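Peer 1:
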Amino acid sequence: MINELKAKQNIIRLEKLNESLQEQLDIALRKIKELTQILNSSYDEIFVTDADGNVLFVSDSCKHFTGLPPEAFINKNIFELVEKGIITDSVTIKTMQTHTIQSNEQNYPNGKTVLATAKPVFDDEGKLYRIVSNSRDISELVEMKRKLAAMHALTKENLNEAIIEKAIGQQRFITQSKNMINTLQLAERVAPLDSSIFIHGESGVGKGVLARIIHENSPRKERSFIQVNCGAIPESLLESELFGYEAGAFTGANKRGKAGLVEMADGGTLFLDEIGEMPLELQVKILHLVQEKTFKKVGGTTEKKIDIRIISATNKDLLQMIEEKKFRQDLYYRLHVVPLRIPPLRKRKQDILLLTEYFLKHFNHKYLQQIELDENAKLLLQLQEWRGNVRELENFIEQIVVTAYKPIIRIEDLPLVLDHRFHPESNPGLHQLPLKRAVEETEKLVLSYALKKYKSTRKMAKALGVNQTTIMRKLHKYQMTTNETT
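Going by numbering that gives the first Met the number 0, the sequence shown opens with residue 0, and the numbers climb by one from there.
1) Going by beta carbon distance, what residues of the same chain come within less than 7 angstroms of L13, once the five residues before and after it are set aside?
2) Between A186 and S223, is the Cβ-Cβ spacing less than 8 angstroms?
3) Quick one: residues in its chain with C-beta nearer than 6 angstroms to the C-beta of L434, no 5 flanking neighbours on either side, listed in chain order?
4) Is the separation between the beta-carbon of F197 and that of L318 shorter than 8 angstroms?
5) Enumerate in chain order the residues of its own chain whose CB-to-CB distance from Q8 is below 8 angstroms, with the five nearest sequence positions on each side excluded.
6) Using 8 angstroms as the Cβ pair cut-off and three pairs as the minimum, do the region 300 to 315 and the region 200 to 213 touch?
7) Pull up the distance between the alpha-carbon of L209 and that of H361, whole angstroms please.
8) Would you tell me roughly how many angstroms separate the C-alpha atoms of G275 and R457, rounded to the nearest one?
9) Starting from the C-beta of E393, find all residues in its chain whose C-beta is less than 6 angstroms away, skip the five residues before and the five after it, and write them out in chain order.
10) Do three or more CB pairs link the region 337 to 357 to the region 381 to 392 at distances below 8 angstroms?
11) Going by CA-CA distance only, name the one from I26, L127, H287, I305 that's closest to G266.
12) From Q569 to R171, what does the alpha carbon distance come to, in whole angstroms?
13) Please look up how many angstroms separate the CB atoms of S102 and T87, rounded, as I've assumed it's under 8 angstroms.
14) Going by DSSP in three states, F395 sits in which element: helix, strand or coil?
15) Would DSSP call F197 helix, strand or coil?
16) Shorter than 7 angstroms, the distance from the beta carbon of Q368 to the closest heavy atom of the ligand FMN, or not?
17) Locate the beta strand (DSSP E) running through V337, then write down its first and last residues.
18) For D350, which three-state DSSP category applies?
19) Rounded to whole angstroms, what's the CA-CA distance from H214 to Y453? Just pull it up for me.
20) Suppose contacts are defined by Cβ-Cβ distances below 8 angstroms. Is N228 in contact with E273 by that definition?
21) I'd like the span of the alpha helix (DSSP H) that includes T48, first residue to last.
22) Where does T154 land, buried or exposed, given buried means 16+ other C-beta within 10 angstroms?
23) Can you give, in chain order, each stretch of the alpha helix (DSSP H) that sits fully within the region 224 to 264 and has at least 4 residues?
24) Which residues bound the beta strand (DSSP E) around Y128?
25) Would you mind stating whether S132 and T91 have Cβ atoms separated by less than 8 angstroms?
26) Three-state secondary structure (DSSP) at R171?
27) Can you give the Cα-Cα distance for Q184 and N375, rounded to whole angstroms?
28) DSSP has I309 in a bridge; who is on the other side?
29) Would you list the one or two residues that DSSP bridges to Q101?
30) List the DSSP bridge partners of V57.
31) I need the straight-line Cα distance from N109 to F46, nearest angstrom please.
32) Using the rule of at least 16 other Cβ atoms within 10 Å of the residue's Cβ for burial, across every protein chain shown, is G243 buried or exposed?
33) Count the other CB atoms, across all protein chains shown, that sit within 10 Å of the CB of V120; report buried if there are 16 or more and exposed otherwise.
34) Tell me the DSSP secondary structure of T112 in three-state form.
35) Using the Cβ count rule (16 or more neighbours within 10 Å means buried), how would you classify V400?
36) Thinking C-alpha only, which one of G299, K93, G205, D49 is nearest D122?
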C-alpha cells in the first residue's frame, strides 16, 4: 500500500511537472512567435547566421529586398549565396573574418540597393556564436543622391554659363548679375543697327567699356572709336576740340587749322562721355550734328558732311537738368533712342567677388605677387558700398597687392579706406585685445550689419555672393539669430 501511494504521488508530481514544463514551453513558444512577428514586421531585413555562415533566420522583409522568400536563404550557407550572385560584397563574411562590426552598400539582382550592417555575437567563452545583420533599403536615397549630383552639376554649369566676360583691348567687362547681363545682351543686339545709344550709370561703372563693346560689335569696328570726356575739357576749348578750327580762327590758332574729334571719328563711333557737362550753347551744335550729320569748324563757313555713330553717356539726371533748363530736351530725345543702364556695383553684389578675384589675378601677375584674401576679408569687401564702383574696387585691389607684406590678407590687414563702421580702427578697444579676439569682434560687426540689412541668411548669401552655410556657421559661432528656420 505504501509503495502504491508513493507511486501515485510520483505520478501526480510528474504530471504537475509536465504541466509546468508544457506551460513554460507554451510561454516560450508564444514569446518566440511574438519575437518572430516583431522581427518580421520590421521594414528592414534581419539576417542571422551561425559562426560558420549557415543561415538560421531571415525576416519576411527579404521578399521586398531580394524578391525571394526566407526559405530561399534558410539552411543555406552565406558563401553559397554569394557564389550564386544572390548577395554581393557580403558584410556577414567580413564580420566572420574580422569579428568586428562591418557596414557596406549591397546591390541585389532586382536592382535594390541596401545599406547592410553586420554585428558579431559572442558566447560566454568569447567565441563567435552568431552574426546578425540589418539591411535597410536605400534605393530611393541613392537615386536622390544621383539626381542631386546631376542637379548640382547642372547648377554649376549654368552658373559658369551665367558669367559673361568681354575683352576690349586691355580692359575686361565681367559680370554674373542678371540685370547687367540683360544690359550687355541688349547692347550687342542694337550694336549693328547704327542708332544713337545713351548709357546711364554712375562714375566708375564701366560706361566707356560698354561703349567700346558696342563699337566692336558694329560694322564700324574697323574704323575709329573717339572718346570725348565733355567734363574734362575746358568750356572755352570744347567747341574747337570737337569740331576743329580753320586757319587763323582765333589768336594762337595753328596756321594750318586743325581737325576736330568729330572729324577724326568719320566712319566710326563718337562717344560723348559725361554729356551732362556740355554747355547749353554747344548743345545746339551737337543737336545739328546728330540731326544733319554735318558740322562747321570754328571760323569756318562751309558745312562738312560726316558719317558717324554717336554714343552718349552721363552720371547725371538729365531729365532733372531739362526741368532746370540746363539741358536741351530736343537733344536729349535725339540722343536717347536706345537707353542702356549700368547698375552700380552695390546693386550687383555678386559681381564684387567675381571682380575681386579677377583684379587680384591681374595685379598679382603685373607686380609678380601671390597675394590672397581670406574668407572674412572677402566678406567685408562684399559689404562695402563702393561708391566709386568698379574703378574704386580695382584701385583698392591694386593697393592691397602693392602694399601687402604677407601672402594672406585678413580683415585686420585691409587698408583704412574701407567703411569705418567695419574696421577695427573704428573701435579703439579692439587694439587692447589679442589679435584673434580682435578679428572675431570685427567679424561680429560685419555679420551684425549684414544681418540687419538683409534679414535672412538666404538673402545675405545671395546678396554677398557667399555660401549660405558659411553665413549660418558664423552666425551660430557668434550666437546671432534670425527669424527664419532655415
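All C-beta atoms, glycine included, are put in the ideal place defined by N, C-alpha and C. Please read these numbers as outputs of a predicted model, since none were measured by experiment.
Peer 2: By the coordinates alone:
1) Counting from one through the sequence shown, the residue named residue 13 turns up at place 14. Result list for L13: empty, nothing under 7 angstroms.
2) Sequence index remark: in the sequence shown, residue 186 carries index 187 (1-based). Sequence index remark: in the sequence shown, residue 223 carries index 224 (1-based). Against a cut-off of 8 angstroms, the Cβ pair of S223 and A186 comes out as no contact.
3) Translated into positions along the sequence shown, residue 434 becomes position 435. Residue placement at L434 is poorly supported in this model, since its pLDDT is 48, which falls under 50; the coordinates are not used for a value here.
4) Position 198 of the sequence shown holds residue 197. Position 319 of the sequence shown holds residue 318. The answer is no: Cβ separation not under 8 angstroms.
5) Your numbering for residue 8 matches position 9 in the sequence shown. Cβ-Cβ distances below 8 angstroms link Q8 to nothing in the same chain once the five nearest sequence neighbours on each side are left out.
6) Verdict: yes, contact present.
7) Taking the sequence shown and counting its residues from 1, the one referred to as residue 209 is at position 210. Taking the sequence shown and counting its residues from 1, the one referred to as residue 361 is at position 362. Cα-Cα distance, rounded: 20 angstroms.
8) Here residue 275 refers to the residue found at position 276 of the sequence shown. Here residue 457 refers to the residue found at position 458 of the sequence shown. Pairing G275 with R457, the inter-Cα distance amounts to about 40 angstroms.
9) Sequence index remark: in the sequence shown, residue 393 carries index 394 (1-based). Closer than 6 angstroms at the Cβ level, and outside the excluded window around E393, lie F358.
10) Result yes; three or more Cβ-Cβ pairs closer than 8 angstroms.
11) Translated into positions along the sequence shown, residue 266 becomes position 267. Comparing Cα-Cα distances from G266 to each of I26, L127, H287, I305, the minimum goes to I305.
12) Look at the range of the chain in this structure, 0 to 485, and you will see that residue 569 is not part of it.
13) Within the sequence shown, numbered from 1, the residue matching residue 102 stands at position 103. Within the sequence shown, numbered from 1, the residue matching residue 87 stands at position 88. Here S102 is actually not in contact with T87; their C-beta atoms are around 15 angstroms apart, not less than 8 angstroms.
14) Locating residue 395 in the sequence shown gives position 396, where the first residue counts as 1. Correct three-state label for F395: helix.
15) Locating residue 197 in the sequence shown gives position 198, where the first residue counts as 1. Collapsing the DSSP output to three states places F197 in a strand.
16) Ligands in the displayed structure: none, and consequently the ligand FMN is not present.
17) Position 338 of the sequence shown, counted from the start, is the residue given in the question as residue 337. Per DSSP, V337 belongs to the beta strand (DSSP E) from 337 to 340.
18) In the sequence shown, counting from the first residue as 1, residue 350 sits at position 351. D350 carries a helical assignment under DSSP once its states are collapsed to helix, strand and coil.
19) The count along the sequence shown starts at 1 and reaches residue 214 at position 215. The count along the sequence shown starts at 1 and reaches residue 453 at position 454. The straight-line gap from Cα to Cα measures roughly 39 angstroms.
20) Within the sequence shown, numbered from 1, the residue matching residue 228 stands at position 229. Within the sequence shown, numbered from 1, the residue matching residue 273 stands at position 274. The answer is yes: Cβ separation under 8 angstroms.
21) As a working mapping, residue 48 is identified with position 49 in the sequence shown. Segment 44 to 49 is the beta strand (DSSP E) holding T48; no alpha helix (DSSP H) there.
22) Your numbering for residue 154 matches position 155 in the sequence shown. Here the model assigns T154 a pLDDT of 48, short of 50, so the residue's position is not dependable and the matter cannot be decided.
23) As far as the region 224 to 264 is concerned, its whole alpha helix (DSSP H) runs of at least 4 residues are 234 to 242, 260 to 263.
24) By one-based count along the sequence shown, residue 128 stands at place 129. From DSSP, the beta strand (DSSP E) with Y128 extends over 127 to 136.
25) On the sequence shown, residue 132 is found 133 positions in, with the first residue counted as 1. On the sequence shown, residue 91 is found 92 positions in, with the first residue counted as 1. Less than 8 angstroms separates the beta-carbon of S132 from that of T91.
26) Along the sequence shown, one-based indexing puts residue 171 at 172. Here R171 sits in strand by DSSP.
27) To locate residue 184, count along the sequence shown from 1; it is residue 185. To locate residue 375, count along the sequence shown from 1; it is residue 376. One C-alpha to the other measures close to 34 angstroms.
28) Here the question's residue 309 lines up with position 310 in the sequence shown. Its beta-bridge partners are L269.
29) By 1-based counting over the sequence shown, the position of residue 101 is 102. Answer by DSSP bridge pairing, in chain order: A117.
30) As a first step, residue 57 must be located in the sequence shown, where it is residue number 58. The partner list for V57 (beta bridge, DSSP) reads F46.
31) For the purposes of this step, residue 109 is taken as residue 110 along the sequence shown, with counting starting at 1. For the purposes of this step, residue 46 is taken as residue 47 along the sequence shown, with counting starting at 1. N109 and F46 have their C-alpha atoms some 18 angstroms from each other.
32) Here residue 243 is taken as the residue at index 244 of the sequence shown, counted from 1. The residue is buried, with at least 16 neighbouring Cβ atoms inside 10 Å.
33) Within the sequence shown, residue 120 is the residue found at index 121, counting from 1. Within a 10 Å sphere around the beta-carbon of V120 sit fewer than 16 other beta-carbons, which makes this residue exposed.
34) Along the sequence shown, read from residue 1 onward, the residue named residue 112 stands at position 113. If DSSP states are grouped into helix, strand and coil, T112 belongs with the strands.
35) As a position in the sequence shown, residue 400 is number 401, starting the count at 1. Answer is buried; the Cβ neighbour count reaches 16.
36) On the sequence shown, position 123 is the one that residue 122 refers to. Of the listed residues, the one whose Cα sits closest to D122 is D49.
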